[in-house]
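Numbered by the working numbering, the letters in the sequence shown go through residues 822 to 910 in order.
Since the structure comes first, as structure tokens, the remarks are kept for the end.
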Amino acid sequence: MGFFQKLFGKNKNIDARLVGIWETDINDVETVRNHGNVRMTFTKDGKLTYEILSESRIQIMNLVFYTDKGIIISNQPNRNQKPKIIKTH
822 MGFFQKLFGK
832 NKNIDARLVG
842 IWETDINDVE
852 TVRNHGNVRM
862 TFTKDGKLTY
872 EILSESRIQI
882 MNLVFYTDKG
892 IIISNQPNRN
902 QKPKIIKTH
């Protein structure tokens with residue numbers, strides 16, 4: 822059994838519409854103010870690379886994700902160690 826199957830189980834889905842590179846629209850002032858300049862790379866095997874881009878450095882978080890009923894669920898670390906949930910439209 823592969824790593825991601827062990828982590829997520831056999832029935833976890835990856836929405837193919839997410840696969841690829843997604844970047845902040847730097848012309849969208851509100852998005853940049855609220856979320857910063859970021860790049861997210863989603864792969865078909867459930868890997869998520871989240872990059873925070875600044876003039877002086879790039880911070881990289883290597884995560885894993887799956888989707889469930891239009892919601893992205895990842896292992897983003899936080900104080901409570903709960904998954905990050907982002908609604909997709």
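Beta carbons are placed, not taken as given, at the ideal position from N, Cα and C, and that holds for glycine.
Model, not experiment: these values are computed from the prediction.
Neighbour-count burial assignment, residue i, 16 or more Cβ in a 10 Å radius
| i | result |
| --- | --- |
| I879 | exposed |
| S875 | exposed |
| I842 | exposed |
| I893 | buried |
| I906 | Any reading at I906 needs caution, since the residue's pLDDT is 49, under 50, leaving its predicted position unreliable; the model's value is listed next. Classification for I906: exposed. |
Separation of residue j from residue i, as counted between CA atoms
| i | j | result |
| --- | --- | --- |
| G867 | I835 | 6 Å |
| V885 | G857 | 21 Å |
| D889 | K833 | 8 Å |
| T852 | N896 | 23 Å |
Chain-order list of residues whose beta-carbon lies under 6 Å from that of residue i (same chain, five-residue window excluded)
| i | result |
| --- | --- |
| E844 | R860 |
Supposed contact pair residue j and residue i - C-beta distance, whole angstroms, cut 8 Å
| i | j | result |
| --- | --- | --- |
| N883 | T870 | 6 Å |
Residue i vs residue j beta-carbon contact at 9 Å
| i | j | result |
| --- | --- | --- |
| E872 | T862 | yes |
Contact set for residue i: own chain, Cβ-Cβ below 8 Å, skip 5 residues either direction
| i | result |
| --- | --- |
| I847 | V853 and N858 |
Cβ-based neighbour list, residue i, same chain, cut-off 7 Å, excluding 5 preceding and 5 following
| i | result |
| --- | --- |
| S877 | none |
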